[in-house]
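K.L.:
Residue numbers (the working numbering), protein chains in the order written: chain X, 1 to 154; chain G, 155 to 940; chain U, 941 to 1096.
Where a beta carbon is used, it is the ideal one built from N, C-alpha and C, also for glycine.
Handing you this structure, nothing more for now.
Take a look at the structure:
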């Protein structure tokens, strides 16, 4: 089943800093909720493992993450495809765009399109949108913490 | 009538074990050294399987095997067959590409099995399945039935995803009838896809005995002999004498357990490979994905009438979704089990049906309670009701005007109805439902702000699925007779071996009632043996409401033989002429004398064999019959449903439900009523609650009881049941069968009632509160009120 | 593996089980009491209903470890020796079962309904209370009738 979602975050860093973080495997690894492994295969490709829980279905997704349509320091598309074993599969991507905010920060907007199949769709379908939204929120919370660790301390 | 003979409300013999937890279902088995199978299934509706890497799983301790379609191919196992040949209009045979037991190169629905993991525990098998990686190359899914002909190919061999384009009836004559019509009613109907949902999930336990070189399979089957035949003759697993199939207590079937599925096939085959017994039980999500689904038709239906409401012709064009593969009996369902019943209870001279069977990347569709006949009844009875409304004729009157009144009656669509009295049925139903008082009740509902509606459905079905020559001429790959063996023990107790299988129908009770009635022996001296290919020589199983009319008829014939032999023996023991021996109430007597021998003494005499010459009579008392009837049986009935709809919410309450059925001779009214209750509930489920929904990618969105709406106790009223009797002339008992009638007759009654209430015909099944509310928004009734 | 002990049908039992073992697995696989059935995996069908300290629970969503020290009654423990419980008798008398698969859960739920609502529980209440138990065979008509009859005889 397919789903779409979009959102916007204001981040307390300039556009170049945000862009670099978005391309930093360690930052991405630390930001992806449930990330167990995130290895750089090339500048634009990563091998990832993440544990995700959708309603009653818990799955460990193994797959590839690819960066494409790269337009530094403005936008890229981050897409991935993961096999969750008997739980099914998830795939999709997000187009992430950056713009300068008035206060010197950066406005990040994203548009996600994703598709899930197998048991996740069968049992967890009514929860997929909620789970995806929560995952995105967690990702950007983690990402924001990385950009302004002092906020976290406060 | 004896206390527990034919016609008595005998409480069931089988109940004792079920109400005390003493049933023996397949999943209850625990064989020494048992391992567990877990099937890895496709999460994609349509994909090429580029590779399967099982090395990680195989490295795990306690994992015995990971097997795939390649392993099956290497052993030349499969494919799963379709047992009913259909020819297209142009004479070409249907296109049924192979249905591999495990995917070979391609998957065609979400849930299609790709590999099996066999391990010491179920938990380990599941963990090992996580370690198997399958490389899928996704292909475009084919989900929407109406556009499937122009979509990607599900099977390369089936152009336009079409298995066959079939027709029945006289096209030109039917066109002429429409040309001369005063009124034509046209409806676009869909018959929603259902999931059978027997509460016991499918299961299998398989064991290979190397010493005997013999397999045993315990499985949730409605027809263990057919399962053995298919596995032996078509799947090449083992010859029949090396394979024993046992169907122990089975927790409901409704058609879904007729078929031979990949899972039990794999378990039998793999039990020899791993040298250990293997158990597999579906979890409910697997049942949703892999039990053969049901119905799923889209139909344009037309009826032509003259100015008095006499039906001149009926025409349908139906698309039938068969899913990803043509299942075992799938081809017969939308053809000979559907279009042959389009005459309903009515004298219609011109009928023409066209049916296209279409492959899609969804779960295979096959027979489910009613199988084709609910679809036919829905077409005919929606057309009747809407025609009556359009022509301003009372719906009961329009039906009566068109009833067939003399029998036998040859319809233009193969069937020759042999008996019935449709006026008697509807009159009784009208009385029980208090049709005359409906107007008053409607006004009372209106005072409460509720919309009240009443709906009819007059069904007829062809069941007792049998006559072998007839079904053979229509394409069936097997004969559909039934066998019975009557074993009289030396002490006079009787064991009946039957090829029918009971999984809720109460055969252990009703079959015994027949024996008690015929032999006059105590009820507790009779036992029914079924469901084991080592005990019962052969049989075709239970489906199509056939166990009574066909299975019991076979018992009746075998009992005749036993009584005949008993008379021969009695003649010797009583020193009388055989022609003078009479048998009644368990005693053989010499007519006109007081000489008699009772049943027990005669049975012992047959085995002691001291009292008759061996040149003339063989010792023992055991007889067999293979019974093949000369016609289908034709149960008929009338359902009247009354509903109240809340116009603000669309919520429908079923206020009353009347069903009057003519099942011919009834063996046990209590059990027959129970069959009708259950059938109505499944029909109400179809009409109001249930539907298998796929999203555009082919993911099953209604894949659990959280999303697939099963009828629950508070969705249903208590039912009012009546019966009328015309005896079936084609079998020795006069019975017609009752298992499917409720599910066949009920859906149109409910839809006719709701559409009557809301004043709109634009209502598809399932009529959920939301769709009823939507239909109300555009109904004339609503617009008139505003 | 932890040891889980409880009283099942009046007998003290104990088994070393995986911590994730469900009560239904404990009674079916470890105690071999197979009258309690599993009909679904989302806690909807009610085929697995047993009594835990006198109240109906779905044993498919109860961990065995939660039942440490508890009193559990399964369908096998409902009759008093050869004397059927009135609710079992009512199901037989009223044809409240067909295939028998949902029956153990139905009967255990039915006894609990009567315990909570009394011997004169009405049809509508019975239908609403059966929300958690699915039957595909009977259309519920005779189950409701059985529970009404069983409720009455439980009081006499």
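Between 60/X, 74/X, 6/X and 61/X, which has its C-alpha nearest residue 21/X's C-alpha?
P.N.:
74/X
K.L.:
With respect to the alpha helix (DSSP H) encompassing residue 761/G, which residues constitute its N-terminal and C-terminal limits?
P.N.:
753–762
K.L.:
Using a beta-carbon distance cut-off of less than 8 Å, what residues from the segment 640–651 of chain G approach chain U?
P.N.:
none
K.L.:
For the beta strand (DSSP E) that contains residue 832/G, what are its first and last residues?
P.N.:
It is not in any beta strand (DSSP E) - residue 832/G instead sits in the alpha helix (DSSP H) that spans 823–838.
K.L.:
Pull up the distance between the alpha-carbon of residue 1004/U and that of residue 991/U, whole angstroms please.
P.N.:
13 Å
K.L.:
Residues in the segment 105–130 of chain X with C-beta within 9 Å of chain G's C-beta atoms, listed in sequence order?
P.N.:
115, 116, 117, 118, 119, 120, 121, 122, 123, 125 and 126
K.L.:
To the nearest angstrom, how far is the alpha carbon of residue 608/G from that of residue 910/G?
P.N.:
6 Å
K.L.:
Does the separation of the CB atoms of residue 789/G and residue 890/G fall below 7 Å?
P.N.:
yes
K.L.:
Looking at chain G, is there any beta carbon in it that lies within less than 7 Å of the beta carbon of residue 63/X?
P.N.:
no
K.L.:
Would you list, in sequence order, the uninterrupted beta strand (DSSP E) runs of no fewer than 3 residues that lie entirely inside the segment 476–525 of chain G?
P.N.:
505–513
K.L.:
In or out: residue 960/U buried (at least 16 other Cβ within 10 Å) or exposed?
P.N.:
Label assigned to residue 960/U: exposed.
K.L.:
Between the alpha carbons of residue 155/G and residue 671/G, how many angstroms are there, rounded?
P.N.:
Because residue 155/G sits at a pLDDT of 48, beneath the cut-off of 50, its placement in the model cannot be relied upon, and the following sentence gives the value as read from the coordinates. Computed Cα separation, rounded: 8 Å.
K.L.:
Does chain U have any CB closer than 7 Å to the CB of residue 709/G?
P.N.:
For residue 709/G, the answer is no, since every Cβ of chain U falls outside 7 Å of its Cβ.
K.L.:
State yes or no: is the beta carbon of residue 1058/U nearer than 7 Å to at least one beta carbon in chain G?
P.N.:
no
K.L.:
Does the segment 481–489 of chain G come close enough to the segment 519–538 of chain G that 3 or more CB-CB pairs lie under 8 Å?
P.N.:
When C-beta atoms of the segment 519–538 of chain G are compared with those of the segment 481–489 of chain G, three or more pairs fall below 8 Å, so the two segments count as touching.
K.L.:
Give me, in chain order, the residues of the same chain whose beta-carbon lies closer than 8 Å to that of residue 700/G; leave out the 5 immediate sequence neighbours on both sides.
P.N.:
If we look at residue 700/G and ignore the five residues flanking it on each side, its Cβ neighbours are 617, 618, 619, 620, 634, 636, 654, 694 and 891.
K.L.:
Would you report the Cα separation of residue 140/X and residue 919/G, rounded to the nearest angstrom?
P.N.:
44 Å
K.L.:
The beta strand (DSSP E) with residue 17/X in it runs from where to where?
P.N.:
It is not in any beta strand (DSSP E) - residue 17/X instead sits in the alpha helix (DSSP H) that spans 15–22.
K.L.:
Does the Cβ of residue 260/G have 16 or more other Cβ atoms within 10 Å, making it buried, or fewer, making it exposed?
P.N.:
buried
K.L.:
Do you know how far the Cα of residue 379/G is from the Cα of residue 292/G?
P.N.:
39 Å
K.L.:
State the CB to CB distance for the pair residue 358/G and residue 417/G, rounded to an integer number of angstroms; the pair is presumed to be in contact (CB under 8 Å).
P.N.:
Contact holds; Cβ gap of about 6 Å.
K.L.:
On a CA-only basis, which of 870/G, 408/G and 845/G is nearest residue 696/G? Give me that one, please.
P.N.:
Distances from the alpha-carbon of residue 696/G to those of 870/G, 408/G and 845/G put 408/G closest.
K.L.:
Which residues mark the beginning and the end of the beta strand (DSSP E) in which residue 6/X is found?
P.N.:
2–11
K.L.:
Give a yes or no on whether 7 Å exceeds the smallest Cβ distance from residue 155/G to chain U.
P.N.:
Note on residue 155/G: pLDDT 48, under 50, position unreliable in the model; the coordinate value appears next. False, the Cβ-Cβ gap to chain U never drops below 7 Å.
K.L.:
So, does the CB of residue 57/X fall closer than 7 Å to a CB anywhere in chain G?
P.N.:
no
K.L.:
Going straight from the alpha carbon of residue 692/G to that of residue 399/G, what length do you get?
P.N.:
Whole-angstrom Cα-Cα distance: 11 Å.
K.L.:
Rounded to whole angstroms, what is the Cα-Cα separation between residue 329/G and residue 249/G?
P.N.:
29 Å
K.L.:
So with Cβ pairs under 7 Å, would you call residue 942/U a contact of chain G?
P.N.:
no
K.L.:
Taking the DSSP output, what are the residues bridged to residue 563/G?
P.N.:
571/G
K.L.:
Return the CA-CA distance between residue 811/G and residue 796/G, expressed in angstroms with no decimal places.
P.N.:
Taking the straight line from one Cα to the other gives about 6 Å.
K.L.:
How many Å lie between residue 853/G and residue 197/G at the Cα?
P.N.:
8 Å
K.L.:
Which two residues bound the contiguous alpha helix (DSSP H) that contains residue 723/G?
P.N.:
Taken as a continuous stretch (DSSP letters only), the alpha helix (DSSP H) holding residue 723/G covers 707–727.
K.L.:
Applying the 10 Å Cβ sphere with the 16-neighbour rule, what's the burial state of residue 556/G?
P.N.:
buried
K.L.:
I'd like the list of long-range same chain contacts for residue 688/G, defined as Cβ closer than 6 Å, with 5 residues on each side in sequence excluded.
P.N.:
398
K.L.:
Check the C-beta distance from residue 191/G over to residue 432/G and give it rounded, since I have them as a contact under 8 Å.
P.N.:
5 Å
K.L.:
What does the alpha-carbon distance come out to for the pair residue 4/X and residue 1052/U?
P.N.:
46 Å
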